[in-house]
Amino acid sequence: MRYKAVGALAASTLLVLGLAACSNDTGGSSANGKTTLTWASTTSEKPAVDAIVAAYEKANPDVTITTTTSDTDNYQTTLRTQLSSGTAPDVFFVWPGDGNPMAMTVVQKAGLIADLSNEPFAANIPAGIKPVSQIGGKTYIAPVTFSGIGATYNTTALKAANLTEPTTWTELLKFCGDAKAIGKAAFALAGGTPWNTQLIPYALTPTLVYGPTPTFAADMSAGKVTFATSAWKTALDKYKQMQDSGCFQDGDLGTAYEDALKLVSTGDAFASVQVNSSITAMQQAAPSGTTFSFDPLPANDDATSTRMAGAAGASYGVNASSKVKDAAIKFVDYLASADGTAVYSTAAAGIPAIPISTFKVDPALENFVKYQTAGKTDPFMDQLWPNSKVQQVHFEVLQQLLAGSLSSTDALKQMDAAYAEGEG
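Take the sequence shown: its letters are residues -23 to -1, 1 to 401, numbered as in mature numbering (1 follows the signal peptide of the UniProt record, and there is no 0).
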């Protein structure tokens, strides 16, 4: 999954300019005992990136880290271009598993990331994360956070409106109507940011698809099931039903990610379905004292069956062609260490991928932790898809579905066709 917030919500526009400068050598350098590292990540990780840079540079005064962040769509395209042209950063965000152009399997097969198997953190990666962090028993990324997809509610705004988080599908539709009746949106949808459109299906399918059929991903790989003939259709139909029921703000398909978060921060929308790392940006933009809660999105009327999407989240790899590879690997070792993970996870409102017994979880994540502990989470769907085209098609067909120009069945048939192309 691609997540996929920025401390200052307007900053991403400026930051992407630095990342997109493909014609320049963006790698680090070392001279006169001083080292400059370059580090690229996605916009949603900006608060954590800033916190890590401050901590690492303080502990390593001879190291300077230059960072760039951009939204997921630009990031995936630009980083692949930079890697191909030899101008990529020393350290960069890599998605665990497979499923997009910057996923571990894809960039490792292209020989673009360094082997990290001998680093201290590699032996501590939990068993559940190893399949999306390793290939052939070798580790290629450092998983830093365990991330989830759910509905982030502005609980201060809810309380003021005398509303509560819905726990069933029927309650959700009523919640949408109640919000609309007082001139607010129940959920802010960032339909103008392609990667954000996937999050509601990702939040619904653990309950509708992967919980009831734990072998679904394996069954798809074996050709036993398809998107179009499964409860994925129910998920897309419910997504469209949310839109038709007025769950989203006016102009939902033209709303950018940062603007959707701002709607929740100000209380003009009560919630947004996002990756948990977006919580920090909402907190920073909200009035002092505003509280938030990250909860599952109900998909049916049996609250006991509700599940959440949860998987290895922010992860980083080292450029195989870095001019300062040793320094880059040392930095990634810090990212995956107990100290680094704690700094990162705290700033990102996340949970450490490699558990830390003393870590204090952001109160907004308490419900998510309960689901994780109870084993009621399922991996981000795309992490086990065979190629990056499936996700790209997913983005495209969801836009068409919400625009009313494509049915859920036809949308899923296009995803099935992309899936059938196999590895690539």
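Beta carbons are placed, not taken as given, at the ideal position from N, Cα and C, and that holds for glycine.
Rounded straight-line distance, which links the Cα of residue j to that of residue i
i       : j      : result
Ala99   : Asn296 : 17 Å
Pro189  : Leu150 : 23 Å
Met197  : Leu342 : 32 Å
Gly327  : Ser382 : 37 Å
Ala91   : Met79  : 14 Å
Met219  : Ala388 : 17 Å
Gly287  : Ala8   : 42 Å
Val(-8) : Lys86  : Note that Val(-8) scores 33 on pLDDT, short of 50, meaning its location in the model is unreliable; the coordinates nonetheless yield the value given after this. Approximately 27 Å, taken between the alpha carbons.
Leu176  : Gln251 : 6 Å
Gly63   : Ser299 : 9 Å
Pro24   : Gly113 : 33 Å
Ser384  : Ile331 : 41 Å
Asp236  : Lys390 : 32 Å
Asn277  : Val202 : 22 Å
Gly95   : Ile306 : The sequence given here has Asn at residue 95, not Gly. Straight-line Cα distance between these residues: approximately 11 Å.
Thr211  : Lys217 : 10 Å
Val71   : Asp393 : 25 Å
Ala351  : Ala104 : 17 Å
Phe69   : Thr58  : 13 Å
Ala248  : Asn344 : 15 Å
Pro97   : Asp355 : 27 Å
Thr386  : Val320 : 44 Å
Terminal residues of the beta strand (DSSP E) in which residue i lies
i      : result
Met285 : Met285 to Ala289
Ile29  : No beta strand (DSSP E) holds Ile29; the alpha helix (DSSP H) holding it covers Lys23 to Ala36.
Ala122 : A small fix is needed here, since residue 122 is Thr in this sequence, not Ala. Thr122 to Asn131 is the span of the beta strand (DSSP E), which, as asked, contains Thr122.
Ala269 : One detail in the question is off: residue 269 reads as Phe in this sequence, not Ala. Start and end: Phe269 to Asp272.
Ala297 : It is not in any beta strand (DSSP E) - Ala297 carries neither H nor E in the DSSP assignment.
Phe98  : Run containing Phe98: none; DSSP gives neither H nor E here.
Delimiting residues of the alpha helix (DSSP H) encompassing residue i
i           : result
residue 402 : As displayed, the chain neither begins before -23 nor continues past 401, which places residue 402 out of reach and without an answer.
Phe69       : From DSSP, Phe69 is part of no alpha helix (DSSP H) but of the beta strand (DSSP E) over Val68 to Phe70.
Thr41       : Premise fails: Thr41 lies in the beta strand (DSSP E), Val40 to Ser47, not in any alpha helix (DSSP H).
Lys215      : Trp209 to Asp221
Trp362      : From DSSP, Trp362 is part of no alpha helix (DSSP H); its letter is neither H nor E.
Trp146      : Trp146 to Ala158
Phe193      : Phe193 to Ser198
Thr386      : Ser385 to Ala397
Lys86       : Met81 to Lys86
Cβ pair residue i, residue j closer than 8 Å
i      : j      : result
Thr13  : Pro66  : no
Pro183 : Arg284 : yes
Ser254 : Ala325 : yes
Asp50  : Trp146 : no
Ile42  : Leu312 : no
Ile126 : Ala180 : yes
Thr46  : Thr19  : yes
Ala165 : Ala258 : no
Cys153 : Ala163 : yes
Ala397 : Val40  : no
Pro73  : Pro120 : yes
Glu148 : Pro275 : yes
Gly5   : Val301 : yes
Where residue i falls, given that 16 or more other Cβ within 10 Å makes a residue buried
i       : result
Thr335  : exposed
Lys115  : exposed
Thr122  : buried
Pro191  : exposed
Lys136  : exposed
Asn139  : exposed
Ser(-1) : Because Ser(-1) carries a pLDDT of 36, less than 50, the predicted location of this residue cannot be relied on, and the following value inherits that uncertainty. Its Cβ having fewer than 16 others within 10 Å, Ser(-1) is exposed.
Asp279  : exposed
Asp316  : exposed
Ser61   : exposed
Among the options, the one whose alpha carbon lies nearest that of residue i
i      : options                           : result
Thr170 : Ala208, Ala128, Tyr179 and Thr232 : Thr232
Pro340 : Phe308, Glu235 and Asn131         : Asn131
Val84  : Lys215, Lys157, Lys23 and Ser365  : Ser365
Pro108 : Ala397, Ile126, Gln369 and Leu361 : Leu361
Ser265 : Pro273, Thr147, Ala276 and Gly244 : Gly244
Ile159 : Ala134, Asn95, Ala319 and Trp72   : Ala134
Tyr117 : Asp393, Ser292, Lys239 and Ala28  : Ser292
Val241 : Ala32, Thr129, Gly63 and Glu34    : Thr129
Pro273 : Lys210, Tyr348 and Phe247         : Tyr348
Gly10  : Pro38, Ala205 and Ala351          : Pro38
Pro363 : Thr141, Tyr187 and Ala195         : Ala195
Thr229 : Thr19, Gly317 and Thr174          : Here residue 229 is Asp; the residue named in the question, Thr, does not match the sequence. Residue Thr174 is the option with its Cα nearest to Asp229.
Phe193 : Asp359, Leu379, Gln368 and Gly5   : Asp359
Thr82  : Thr203, Val26, Thr55 and Gly294   : Gly294
Ser21  : Ala119, Ser124 and Ser94          : Ser124
Ser322 : Val338, Asp310 and Ala208         : Val338
Ser207 : Ser282, Asp214 and Val186         : Val186
Ala263 : Pro275, Phe152, Leu238 and Ser249 : Leu238
Leu375 : Lys302, Asp214, Gly223 and Ala397 : Asp214
Gln369 : Gly76, Ala36 and Ser222           : Gly76
Ala289 : Phe357, Lys302 and Cys224         : Phe357
Contact with chain D by residue i, beta-carbon distance below 8 Å
i      : result
Tyr179 : The structure shown contains no chain D; it is built from a single protein chain.
Cβ-heavy atom distance, residue i to the ligand NAP, below 7 Å
i     : result
Tyr52 : Inclusion of the ligand NAP in the displayed structure is not the case, the ligand content being empty and no account of it being possible.
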